[in-house]
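Right, one structure below, let's go through it.
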Amino acid sequence: MNLVGIVGIIIVAVLVFVGWIVSVYNSIIVKQQALDEAKADVEVYMVKRYDVIMNSYKIAKQYMDHENAVFTQLSQIRSGMSISELGQQGKLQNNASKAIWGIVESYPELKSNEIVLKLQTQLEDQNEHYAASKRLYNSNVNLYNQYILTMPNNIIVNCFGASKADYFNDDTADSKRNVAI
5 MNLVGIVGII IVAVLVFVGW IVSVYNSIIV KQQALDEAKA DVEVYMVKRY
55 DVIMNSYKIA KQYMDHENAV FTQLSQIRSG MSISELGQQG KLQNNASKAI
105 WGIVESYPEL KSNEIVLKLQ TQLEDQNEHY AASKRLYNSN VNLYNQYILT
155 MPNNIIVNCF GASKADYFND DTADSKRNVA I
């Protein structure tokens with residue numbers, strides 16, 4: 005084999021290697037964007053859920069005395085919260101929701117209120133959307149983590165600063181109960 009053939013093979017090998025690196029980098033970016041989009045969806049549904057909880061609170065607050073402490077901890081969702089902060093916010097929303105519906109259950113005039121029934125339906129819908137957005141986020145985390153941790157990608161992902169993503173966990177699966185009204 006002559007020198008031109010060897011140089012040609014080396015150039016092709018280098019181009020294939022560079023192409024692989026570019027492909028891995030682009031895939032990491034696409035998967036990170038999917039994670040960011042899924043996280044934004046979780047935030048959107050948390051805000052909608054918060055709005056329904058606060059509307060329910062406004063109606064039920066005339067019957068509340070000591071439950072106000074639950075709502076002082078409940079704050080507006082901020083854009084850019086970490087996944088663990090969103091999980092904590094989810095727990096606070098669950099506690100607030102349980103407090104409201106516990107009060108509604110105690111007062112027959114609230115139980116039969118058409119607005120309260122509509123809010124309950126809205127909250128159930130928002131809970132379903134919220135749960136679906138968490139599942140989508142966790143699915144994207146799984147795909148992303150698999151991609152960056154498997155061979156041969158794991159050899160070069162550290163050069164790009166890619167690190168393992170955290171799953172969304174607010175423990176609602178263990179604590180979620182539907183309150184009958």
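To convert, take the position in the sequence shown, counting from 1, and add 4; that gives the numbering used here.
Where is the CB? At the ideal position from N, CA and C, for every residue including glycine.
Small disclaimer: the values here were computed from a predicted structure and weren't measured.
8 Å Cβ shell around residue i - same chain, five flanking residues per side excluded
i: Ser27; result: none
i: Leu123; result: Val56, Asn59, Ser60 and Ile63
i: Gln97; result: Met50, Arg53, Tyr54, Ile57 and Leu78
i: Gln130; result: Tyr49, Lys52, Arg53 and Val56
Range of the contiguous alpha helix (DSSP H) that encloses residue i
i: Val161; result: Neither: Val161 is in no alpha helix (DSSP H) and is coded neither H nor E.
i: Ala166; result: From DSSP, Ala166 is part of no alpha helix (DSSP H); its letter is neither H nor E.
i: Thr125; result: Glu118 to Leu153
Nearest-angstrom Cβ-Cβ length linking residue i and residue j, presumed shorter than 8 Å
i: Ala169; j: Tyr148; result: 5 Å
i: Ile104; j: Ser167; result: Wrong, their Cβ atoms sit about 39 Å apart, outside the cutoff.
i: Phe172; j: Val46; result: 6 Å
i: Ile87; j: Lys52; result: Not really, about 19 Å apart at Cβ, beyond 8 Å.
i: Tyr29; j: Ser137; result: 28 Å between Cβ atoms; not a contact.
i: Val161; j: Ile25; result: With a Cβ gap of about 10 Å, Val161 and Ile25 do not count as contacting.
i: Asn158; j: Leu39; result: No, Asn158 and Leu39 are not in contact; Cβ-Cβ is about 18 Å, not under 8 Å.
Sequence-distant residues of its chain with Cβ nearer than 6 Å to residue i (five each side left out)
i: Leu1; result: Within the shown structure, residues of the chain are numbered from 5 to 185, placing residue 1 beyond reach of any answer.
i: His133; result: Tyr49
Collapsed DSSP secondary structure at residue i in the structure displayed
i: Tyr111; result: coil
i: Ser86; result: coil
i: Val8; result: helix
i: Asn173; result: coil
Cβ shell of residue i (< 7 Å), same chain only, five flanking positions each side left out
i: Ser101; result: Ile57 and Leu127
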